[in-house]
Structures are given as structure tokens and as C-alpha cells.
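Structure first, then comments.
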Amino acid sequence: MPSRMPAFAILAIVQATLIFTIALIMIPLPTIAAAFRLGDADLLMLQVAYGLPFSGLLLFGGRLADRYGARRLFTTGLSLFGTASLIAAFTPDFESLTAMRFLQGVAGALIAPAALALVRALFPEVIAFGRAMAIWGGVSVLGAILGFVSSGMVASFVSWRWMFAVPIAVSTLGLVAAATLLPSARPAPDAARPGLDPVGALLATAGLVSASYGLIASHEKAWTSAQVLAPLAAGSLLLAVFFLVERRVKTPLLPPGFLLDPARLAGLSGMLLAAAGSLLIEYVLLIYLQQVRGWSAFETAVSFLPFAAALIGINLIAVSIVVRIGAGLATAAGFLTGAAGLACLATLNNSTSFAGVLLPGQVLLAIGMALSFAGAAVLSTRNVPLDRMGLAGGVMNTAMELGPTLGFALLMAVAATRTDAVEGYALAFATASASCVIAAAIVYAVAGRRPLEGAKHD
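All residue numbers for the sequence shown refer to the working numbering, where the first residue is 11 and numbers rise by one.
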């Protein structure tokens with residue numbers, strides 16, 4: 011295993027950077043809006059330009075990796091990702107920046123599933139792959155929080171454009187590694203290659219993008235408005251048709267039985283919920299600290315350093331925890347720990363102590379999220395054959411992307427039931443805490459007693 015670790019480390023850095031790039035412009039958005047004189051509609055478009063194509067195309071990206079080879083898709087995606095990032099750093103207007111963010115998202119949808127397939131090629135042994143996935147899960151959430159923290163710090167001293175230096179540098183590193191360190195992960199022979207299922211790909215992409223846009227629009231518009239209902243209804247209909255079509259085509263994009271494995275479904279659901287918690291704390295505390303408490307962007311970013319430190323610390327020991335107690339029990343324990351952190355944050359008011367409430371809440375939630383992501387990543391990819399690892403990567407990353415979109419929209423709808431914004435945020439934290447307790451019970455019932463060593467060979 012030691013000889014494989016440099017290649018795995020680079021793949022993990024690439025994965026973290028894909029998630030990092032989502033949060034890359036979150037804190038500098040007001041500065042960008044002022045520079046380009048953007049209205050609310052423009053800001054919404056800029057916010058979703060990366061995430062919508064990323065989440066919508068992941069399933070198809072997974073199919074392409076399985077059909078044409080993971081390393082080929084990985085290098086193609088990285089080339090596009092790096093080029094789009096370079097242009098974005100120097101873009102002169104809103105339209106160009108939005109277009110480059112869109113291309114970054116398309117590239118990310120090619121890279122993420124291919125990267126996971128390459129991890130599987132690096133670690134063909136069941137136990138070794140399980141250990142790798144325990145690290146992989148934590149890397150993803152770490153990328154999100156580092157993007158959030160670093161964007162606030164960088165934007166406080168230099169131009170937000172410097173944030174694009176990270177995806178540019180990582181793309182270059184990944185391309186060098188692909189030529190020297192990464193396995194070929196060649197596709198199966200022609201006769202065994204899965205078909206492209208273009209109809210399924212079109213339906214899945216259009217459905218996910220439309221429904222996600224409706225959920226994101228609900229942050230600013232009422233749920234009963236046409237701007238929310240129309241894309242939600244269209245997306246739901248398209249996804250329903252997608253699942254019907256998948257039952258009839260010879261080589262479906264998403265085989266109906268793939269999601270029926272209880273442990274895999276528990277892992278994917280766990281990843282979705284943990285990802286929702288990540289965005290909830292970032293968004294709510296960003297608004298609370300800056301608008302209610304009057305903190306600067308730099309102070310707000312610094313306040314998340316303990317959160318990031320706790321994530322890093324637990325990620326260092328997550329593998330041994332998952333191996334010792336099993337992925338299911340680790341995921342359930344993570345949810346219970348996260349629920350305790352969210353319960354602390356549910357006491358939020360206009361004068362909440364940072365050291366006494368926000369800090370312990372952040373740390374507990376970070377510990378819980380790290381364990382949940384580590385265990386859920388193992389459950390999500392357990393017993394997946396090598397020729398379906400692109401599919402597994404697409405599905406797992408889709409769950410990770412839908413979590414913030416779906417879960418956050420629902421939690422913000424809960425918050426909107428209170429006229430006082432801070433009371434609403436506290437209620438959202440309480441609801442998330444209760445959801446984590448329920449999730450812990452379900453995951454434990456489904457997969458809690460199964461150790462990592464119990465996994466079977468493909």
C-alpha cells in the first residue's frame with residue numbers, strides 16, 4: 011500500500027478541490043456583485059452555475075468513465091477544469107465568469123466518478139479499498155469547509171480572483187500524476203462495455219438540474235411561486251420518467267437494483283444528510299455572524315478554523331475507527347455526535363456566546379460529520395464491481411451534491427416559519443439535530459453490526 015499512497019493522495023486532493031470550488035466564491039459574492047453590478051437574479055445564476063451541471067451530469071460522467079476508461083475521463087475533465095479556472099481568474103464580465111463556472115461544473119462531473127474508479131483500481135483488495143474510502147469521505151467535506159474559510163481570508167486581503175489559483179494548480183498536479191503515477195483503469199472489452207443510454211442521461215440531467223434550480227430558488231422566492239413550483243414540477247416529472255425508462259432499456263444509466271442494497275442506500279442517504287449539515291452551518295453562521303453580530307468576512311472565516319481543525323483531526327483517525335467498529339456503526343455514531351453539535355447550535359439567539367455555544371457546537375458537528383462521511387463512503391461503495399465504479403462514483407457524488415440542495419432548502423423552509431430570522435435558524439438547527447438522531451437509528455438497524463472485514467469480494 012505505501013507505494014500507492016502518493017497516487018491516492020493526489021486523487022484525494024483533486025476530489026477535495028472539486029468540492030472546494032463550490033464554496034470558492036461564497037464569501038466574496040458581495041464583492042463580485044459590486045464589481046459587476048449584479049442584481050439578485052444574476053447572483054443566483056452565478057451561485058448555481060457550477061453546482062447545477064456538476065450534480066446533473068455526474069451519472070453520465072460515471073457511465074463515460076466505465077465505458078471509455080477512468081484515466082481518460084480524468085485527464086479530459088482536468089484539462090477542461092484547469093482551462094475554465096484559468097479563464098475565470100481573468101474574466102472581464104459576469105457572463106464570462108458564469109460560463110466558466112458552468113464549464114468547471116461540467117468538468118467536475120467527468121472528474122469525480124473517474125477519480126473514484128481510479129481509487130478502486132489502486133486498491134483492488136476489499137479491505138484496502140474500504141480503508142481508502144473511509145479517508146475519501148472525510149476529504150470531501152474538508153474541501154467544502156476549506157473553500158469557505160480560505161475564500162473569506164483571501165478576499166479580505168487580495169482579489170477574489172486569486173481563489174482560482176487553487177483549481178489551476180491542482181489540475182496541473184493531477185495531469186502530471188495521471189501520466190506518471192495513476193493506473194490505466196482501462197475500459198472493459200467492447201462487448202462488455204455499457205451502452206451510453208443517451209435518453210436516460212438526458213432525462214436524469216434535465217430532471218436533476220431543473221429540480222435543483224427550483225430548490226435553490228426557494229431560498230429567495232416563496233415555495234408557491236412559479237419560479238419554484240415550475241422547475242420543481244418539471245424536474246420531478248423528468249426524474250419519474252427517467253426511472254420508468256431505466257426499467258426498460260438494455261443498459262440503463264442507473265440499474266434499478268443498484269440502489270436496492272440496504273447498506274448502500276443507507277450510506278448514500280447518510281452522505282446526503284451529512285452534506286446538508288455542512289452547508290447549513292456554513293450559510294447560517296455566515297449570515298448570523300456578519301449580519302446579526304456585525305463580524306467582518308475575515309473574522310467570520312477565522313471563526314470556522316476550529317471546525318476545520320476538528321475535521322482534519324478526526325479524518326486522521328477515521329480509518330482506524332471505521333475498521334475497528336465497522337462503517338455502519340461509525341456512521342451512526344457520527345450522526346449522534348453531529349446531533350449533539352446541532353442541538354448546541356439550536357440555542358442560537360441574538361447574543362449567543364461564541365466560546366460557550368458556537369464553538370462546541372461547531373467542533374461536535376465537525377467530529378460527527380467526519381465520522382459520518384467516512385462511514386457512509388464505505389457503505390456507498392461496498393461490493394461494487396470494478397466495472398461499475400464509475401457508476402458508484404457518480405451516484406455517491408450526486409448524493410453529496412443533492413444533500414446541500416435538497417436538505418438545505420427544506421431546513422430553510424422550516425426556518426421561514428418563524429418571523430424572527432435568528433429564531434428560524436435555531437429551529438432549523440433543532441430540526442437537523444432530530445433528523446440526525448433518526449438517521450443514526452436507521453443506519454445502525456441496517457448496517458450497524460457489520461464490520462469492514464465482512465465485505466465480500468466482487
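Virtual Cβ for every residue (Gly too), placed ideally from N, Cα, C.
Distance check for residue 281 and residue 451, CA to CA, integer angstroms please. 15 Å
Out of 53, 361 and 354, which one is the CA nearest neighbour of residue 108? With distances taken between CA atoms, residue 108 lies nearest to 53 out of 53, 361 and 354.
Buried versus exposed call for residue 50 [16 or more other C-beta atoms within 10 Å across all chains shown]: exposed
Here's the rule I'm using: 16 or more other beta-carbon atoms within 10 Å means buried, otherwise exposed. How should residue 404 be labelled? buried
So, under 8 Å CB-CB, residue 178 and residue 92 are touching, yes? Tell me the CB distance rounded to an integer number of Å. 6 Å
The alpha helix (DSSP H) spanning residue 177 covers which residue range? 175-190
Since I believe residue 211 is in contact with residue 263 (beta carbons under 8 Å), could you give me their beta-carbon distance rounded to a whole number of angstroms? 6 Å
Reducing DSSP to helix, strand and coil, say where residue 106 ends up. It is helical.
Verify whether the separation of the beta carbon atoms of residue 456 and residue 266 is less than 8 Å. No.
Would you decide whether residue 429 is buried or exposed? Buried here means 16 or more other CB atoms lie within 10 Å of its CB. Answer is exposed; the Cβ neighbour count stays below 16.
By Cβ distance below 6 Å, which residues in the same chain neighbour residue 173 in space, the five residues on each side in sequence not counted? 34, 161 and 164
Among 68, 48, 125 and 79, which residue has its Cα nearest to the Cα of residue 104? 48
If you drop the 5 nearest sequence neighbours on each side, which residues of the same chain put their C-beta closer than 7 Å to that of residue 132? Cβ neighbours of residue 132 beyond the five flanking positions: 14, 17, 18 and 193.
Going by DSSP in three states, residue 394 sits in which element: helix, strand or coil? coil
For residue 246, which residues of its own chain have a beta-carbon under 8 Å away from its beta-carbon, when the five flanking residues on both sides are left out? 217 and 221
How would you write the range of the alpha helix (DSSP H) that residue 433 sits in, first residue to last? 431-457 is the span of the alpha helix (DSSP H), which, as asked, contains residue 433.
Please report how far the alpha carbon of residue 421 lies from the alpha carbon of residue 323, in whole angstroms. One C-alpha to the other measures close to 28 Å.
Pairwise C-alpha distance: residue 114 and residue 95: Residue 95 and residue 114 have their alpha carbons spaced roughly 7 Å apart.
First and last residue of the alpha helix (DSSP H) that includes residue 161? Residue 161: member of the alpha helix (DSSP H) spanning 136-167, first to last residue.
If I follow the unbroken alpha helix (DSSP H) through residue 46, where does it start and stop? 39-46
Local Cβ density within 10 Å of residue 448, reported as buried at 16 or more and exposed below that: exposed
Segment contact flag, the segment 371-389 with the segment 310-321, C-beta cutoff 8 Å, min 3 pairs: yes
Quick check: what's the CA-CA separation for residue 468 versus residue 416? At residue 468, the pLDDT of 35 sits below 50, so the modelled position is not reliable and the matter cannot be decided from this model.
Proximity below 8 Å, CB of residue 384 to CB of residue 147: Yes.
With H, G and I counted as helix, E and B as strand and the rest as coil, what does DSSP make of residue 170? helix
So which of 283, 269 and 99 has the shortest CA-CA distance to residue 169? 99
Start and end of the alpha helix (DSSP H) containing residue 292? First-last of the alpha helix (DSSP H) with residue 292: 272-297.
Select from 408, 293 and 90 the residue whose C-alpha is nearest the C-alpha of residue 215. Considering only alpha carbons, the answer is 408.
Might you give, ordered along the chain, the residues of its own chain that have their beta carbon closer than 6 Å to the beta carbon of residue 238, omitting 5 neighbours on each side? Hits under 6 Å: 224, 227, 228 and 231.
Among the residues of its own chain, which have a CB less than 8 Å from the CB of residue 367, if the five just before and after it don't count? 354, 355, 357 and 358, listed in sequence order.
Between which residues of its own chain and residue 277 is the CB-CB distance below 6 Å, once the five residues before and five after are set aside? Short of 6 Å from the beta carbon of residue 277, and not among the five residues preceding or following it, lie these beta carbons of its own chain, in chain order: 386, 389 and 390.
Under three-state DSSP, which class holds residue 464? The predicted model places residue 464 with a pLDDT of 43, which falls under 50 and marks its position as unreliable, so this point remains unresolved.
Residue 11, DSSP secondary structure in three states: The predicted position of residue 11 is uncertain, since its pLDDT is 44 and thus under 50; a value taken from the coordinates is nonetheless stated next. Three-state result, residue 11: coil.
Length of the line joining the Cα atoms of residue 433 and residue 295: 13 Å
Among the candidates 45, 286, 346 and 338, whose CA atom is the shortest distance from the CA of residue 102? Taking only the C-alpha atoms, the option nearest residue 102 is 45.
Would you check if the distance between the CB atom of residue 473 and the CB atom of residue 81 is smaller than 8 Å? Missing from the structure shown is residue 473; the chain here goes from 11 to 468 and no further.
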